[in-house]
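**Q** Residue numbers (the numbering used here), protein chains in the order written: chain A, 158 to 394; chain B, 1190 to 1301. All residues carry an ideal CB built from backbone N, CA and C; glycine is no exception. All values derive from a computational prediction rather than experimental measurement.
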Amino acid sequence: MAGQHDDHDHDDHSHGDHSHEGHDHDHFHRIHSEEVDALLMSIADIEISARVKALEELLTQKGLVDPSALDAVVDLYENQIGPKNGARVIARAWADPVYKAWLLADPNAAIADLGFAGAQGENMVALENTADVHNVVVCTLCSCYPWPVLGLPPVWYKSMPYRTRIVRDPRSVLAEFGTVLPDSTEIRVWDSNSEVRYLVVPRRPEGTEGLDEAALAALVSRDSMIGVTEALSPEPA
Amino acid sequence: MTGPLLPDLDRPKAFAAPWEAQAFALVVKLHERGLFEWPEFAARLSAEIHAHPDQPYYVSWHEAAVELLVDKGLMEAGAFLDQARAVVRFRASDHHHVARLTPIAVDPARAG
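#1: Note down the Cα distance separating Leu215 of chain A from Glu343 of chain A, rounded to an integer number of angstroms.
#2: Return the Cβ separation of Glu1237 of chain B and Ala1253 of chain B in integer angstroms, given the expectation that the two are a contact with Cβ distance under 8 Å.
#3: Rounded C-beta distance between Ser316 of chain A and Pro362 of chain A? I'm assuming under 8 Å.
#4: Anyone know if the C-beta pair for Ala248 of chain A and Trp259 of chain A falls short of 7 Å?
#5: Three-state secondary structure (DSSP) at Val377 of chain A?
#6: Using a Cβ-Cβ distance cut-off of 7 Å, determine whether Asn265 of chain A contacts chain B.
#7: Between the Cα of Ala1268 of chain B and those of A:Leu331, A:Asn242, A:Trp304 and A:Arg208, spot the shortest distance and give me the residue it belongs to.
#8: If Asp1296 of chain B sits next to Arg320 of chain A, beta carbons under 8 Å apart, how far is it from one beta carbon to the other, in whole angstroms?
#9: Would you call Gly308 of chain A buried or exposed, if buried means 16 or more other Cβ atoms sit within 10 Å of its Cβ?
#10: Evaluate contact between the segment 1208-1228 of chain B and the segment 1256-1268 of chain B, counting only Cβ atoms and requiring at least three cross-stretch pairs below 8 Å.
#11: To the nearest angstrom, report how far apart Tyr1246 of chain B and Ala1205 of chain B are at their CA atoms.
#12: Does DSSP classify Ala1203 of chain B as helix, strand or coil?
#13: Report the rounded CA-to-CA distance for Val230 of chain A versus Ala1300 of chain B, giving the unit in angstroms.
#14: For Glu398 of chain A and chain B, any beta-carbon pair shorter than 7 Å?
#15: How far does the alpha helix (DSSP H) with Asp270 of chain A in it extend, from its first residue to its last?
#16: For a quick check, are the C-beta atoms of Ala1294 of chain B and Val358 of chain A less than 7 Å apart?
#17: Which residues of chain B have a Cβ atom closer than 7 Å to the Cβ of Val353 of chain A, listed in chain order?
#18: Span of the alpha helix (DSSP H) holding Ile1238 of chain B?
#19: Using only the alpha-carbon positions, how far apart do Arg360 of chain A and Ala388 of chain A sit?
#20: Nearest by alpha-carbon distance to Met1264 of chain B: which of A:Ala211, A:Ser378 and A:Ala226 is it?
#21: List in chain order: all unbroken beta strand (DSSP E) runs of 3+ residues lying wholly within the segment 275-319 of chain A.
#22: For the beta strand (DSSP E) holding Ala1294 of chain B, just list the boundary residues, first then last.
#23: Given a cut-off of 7 Å, decide if Leu356 of chain A and Met281 of chain A are closer than it, judged by their beta-carbon atoms.
#24: With C-beta atoms as the reference, is Thr297 of chain A less than 7 Å away from Asp348 of chain A?
#25: Considering only DSSP beta bridges, list what Asp348 of chain A is partnered with.
#26: With Leu1257 of chain B as the anchor, note down where its alpha helix (DSSP H) starts and where it stops.
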């Protein structure tokens, strides 16, 4: 049982806040506390993500680490953390209409076709942005995030202000990200959770007709796949 | 940061999962707090990797950190096991974030 479930992606830091942990641990579901303790006789029985979480919690209780400082370190290393496999998926979709149709119809298969495994038990849903509809993703309860394709979630994605305000007033929040959409564009906000992870397919920028997939992928930012920004524009030649 | 002294024994270029980044960040912050020198941690990590060559890198990283903290008296192994069990219990008793396949909010297009 232990060690097989490394897909826990809740990068939470709110000790005692019930809104965060563990959708991915159904194998322990409805087991009583005493039974859990009896099963988990030694630390080696416990899966690694729970051990790391426990270490963080214990050291936080002792005042030896500050969870927000951990976030800062993670943020600093985000460039090497986030392989941003998603950018390759989006670039392929822009370049190949057949692939794009496949991605929208069966995202798990289309993403797997590029060699990127999803975490167990979750379904990807791809949302296509158009001139008429702009999609943006949040996890209102915690920080569910498709990290196999997007790397680690940014700190703001996990923040309470984003999680509440993007639902109440998406147009203003997007404007704060520099994404000012015309009034004629409808904005749809989607709630990612442990079973369904949304991936936004941003609109292909103007002036990219001659670019190959690698050059296109460089324009696909993490934020554009969350939906808070558009894809980047190519540098003028 | 601690760049040159990072024990880079086949350290992966990217984190494969969020817990790896958390394990990494924990050790960096504890070192920055002055709780141990990098060479101390590097030696533990090296020993752990050589003792368990097939173990994933960040599992070794985590194990090295736990051993170092226990040996330095900064943490008790029993308290750590209790905390880890608490995490497992918490995850098992978890809420259920209901899947919604429609938008939770729509800001419609405006006439104009």
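**A** On the basis of the supplied data:
#1: Taking the CA atoms as reference points, Leu215 of chain A sits about 46 Å from Glu343 of chain A.
#2: 5 Å
#3: That belief does not hold up - the Cβ atoms of Ser316 of chain A and Pro362 of chain A are roughly 28 Å apart, past 8 Å.
#4: no
#5: coil
#6: no
#7: A:Arg208
#8: Their Cβ separation, rounded to whole angstroms, is 17 Å, which puts Asp1296 of chain B and Arg320 of chain A out of contact at 8 Å.
#9: Buried.
#10: yes
#11: C-alpha separation (whole angstroms): 10 Å.
#12: Coil.
#13: 45 Å
#14: Outside the modelled stretch of chain A, which goes from 158 to 394, sits residue 398 of chain A, for which no answer is possible.
#15: Pro264 to Asp270
#16: no
#17: Ala1288 and Leu1290
#18: Trp1227 to Ala1240
#19: Straight-line Cα distance between these residues: approximately 7 Å.
#20: A:Ala211
#21: 280-285 and 290-295
#22: Ala1294 to Asp1296
#23: In contact: Met281 of chain A and Leu356 of chain A (Cβ atoms closer than 7 Å).
#24: A contact, by the Cβ cut-off of 7 Å.
#25: A:Val295
#26: Here the alpha helix (DSSP H) through Leu1257 of chain B covers Tyr1246 to Asp1260.
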